Amino acid sequence: MRFTHETPAQRVVFAAGRSPDAVAAEVEALGGAKVMLIASDREKELADPIAEKIPVVLRHEEVVMHVPVEVAERARRAAADAGADILVSVGGGSTTGLAKAVALTTGLPIVAVPTTYAGSEATDVWGLTEGETKTTGVDKKVLPASVVYDAGLLTTLPGDLTVASGLNAMAHCVDSMWGPRADPIDRALAQEGIRALATGLPAVADASTGIEGIEGIEGIEGIEGIEQTLYGAYLAAVAFASAGSGLHHKICHVLGGMFHLPHAQTHAVVLPHVLAFNAPHAPEAAARIAQALGSDSGPRGASAGLAALREVLHAPRALRDYGMPEDGIAKALAPIIKAVPANNPAPVTEDNLTALLKAAWAGEPLS
Ligand code: NAD
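Printed below as a string of structure tokens:
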């Protein structure tokens, strides 16, 4: 065995129902005295109780998906004007992403409080969009110093977004099996991540399908499901940050950018097709995924396991449902082929990639 694995330093606090006190303790431990609190208007109510316990000098609500540079610039100026010495983000991947954009140029530490399963809080990857072009990069400065996971904050996440976001985390795990830098530690983390997500998500989806708001999840069962899913989402992101983007993420990045598709739903739709595409060429990964999903170890066990889970979750099925035009399949081929990592288990050709994209577009199984 020959590999080098780096584990970046980060504190992770699980504190269901106790995020205000837990965030206050993290801010104090980091020496923060002037907090810039970032949360969109939709996430404001989740952030209010936290704001009461920490020394906030500025609340910033302008959050936009994929972090346009002008939005990042305004946030950076606001941080400087207020003399902030620490960032607290309360929200989904877009909110965490804005905190990262501020940290990138200021070096301020972040305490991240995630309210979706996107996992950005556990990676050192930043993203910024200029016009139509999204640029991503890696910098240790943007990895939050502390993460506070409070399952209570995810009870307001609508059922369809819960499922899509959870499957986005599942995609981090699956791509970590064969990403360009995937190592045995990434695969172990990803396998446990898949197990936790497959355990947690059905409980969460059961409780929240069709219901928006805290009434959807009553009692400890729902909260435990959210905690399992958050735990899985954290492992997924840690594995993914180390392994790097594989075929799945390259496809979603190109399609999302070209056709302005919603992030989590795009991942949820594309995942089974990439798994069916690569699994026959990656027997060890396929066996790990099948085992984590409680499926049989035969050649189609991983795909069958994911299909069964998706059925229970009523997962998003087709890219055409999210506005991708059919002629987009041909347009996306060249940029995807250019980006596919050289170590992808299955050889990628125009023909087999067209078949994959057609299946994902139409919501039909990959034949
Ligand atoms: P998001 O942050 O855009 O949130 C989606 C919507 O849900 C928003 O309107 C938000 O306000 C709302 N919301 C969030 N939490 C809620 C809650 N608990 N209750 C009710 N509403 C809630 O979506 P996302 O999928 O979390 O993040 C997507 C973004 O994150 C993309 O830009 C993606 O590129 C980025 N991302 C980055 C990384 C990384 O490592 N850098 C990893 C994953 C995702």
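Residue numbers (our numbering): 2 to 368.
Glycine residues also receive a C-beta, built at the ideal position from the N, C-alpha and C atoms.
Remember, predicted model here, so these are calculated numbers, not experimental data.
- In this structure, the straight-line span from the alpha carbon of Leu314 to that of Leu294 is close to 14 angstroms.
- Within the stretch 234-306, the alpha helix (DSSP H) runs of at least 4 residues that lie entirely inside it are, in chain order, 248-260, 264-279, 284-293.
- Within 8 angstroms of the C-beta of His264 there is at least one heavy atom belonging to the ligand NAD.
- Taking one beta carbon from each stretch, the stretch 187-204 and the stretch 256-266 have fewer than 3 pairs nearer than 8 angstroms; the two do not touch.
- When DSSP states are grouped into helix, strand and coil, Pro115 belongs to the strand group.
- For Ser177, the uninterrupted alpha helix (DSSP H) segment begins and ends at 160-177.
- Across the set Arg321, Ala319, Ile290, the C-alpha of Ile290 shows the shortest separation from the C-alpha of Gly306.
- Runs of beta strand (DSSP E) with 3 or more residues, each lying fully within the stretch 303-357, are absent.
- With a threshold of 8 angstroms, the Cβ atom of Arg43 counts as near the ligand NAD, since some heavy atom of the ligand is closer than that.
- If you ignore the 5 residues before and after Ser95, its C-beta comes within less than 8 angstroms of the C-beta of Ser41, Val64, Val65, Met66, His67, Val68, all in its own chain and listed in chain order.
- Following the DSSP letters along the chain, one finds Thr136 inside the beta strand (DSSP E) bounded by residues 134-139.
- Annotated as proximal: Thr163 and Ala206, with beta-carbon spacing under 9 angstroms.
- Setting aside the 5 residues that flank it on each side, Ala333 is surrounded in the same chain by Val255, Leu256, Met259, Leu358, each with a C-beta closer than 7 angstroms to its C-beta; the list follows chain order.
- Arg77: not part of any beta strand (DSSP E); member of the alpha helix (DSSP H) spanning 70-83, first to last residue.
- Just measuring C-alpha positions, the residue of Leu248, Ala170, Ala238 sitting nearest Asn344 is Leu248.
- The Cβ-Cβ distance between Ala146 and Pro110 falls below 9 angstroms.
- Counted as a single uninterrupted DSSP element, the beta strand (DSSP E) harbouring Leu129 occupies residues 126-131.
- Scanning its chain for C-beta atoms nearer than 8 angstroms, with the 5 sequence neighbours on each side dropped, one finds around Lys251 the residues Ile337, Ala340, Val341, Pro342, in chain order.
- The closest heavy atom of the ligand NAD lies 8 angstroms or more from the beta carbon of Trp179.
- The ligand NAD has no heavy atom closer than 8 angstroms to the beta-carbon of Ser20.
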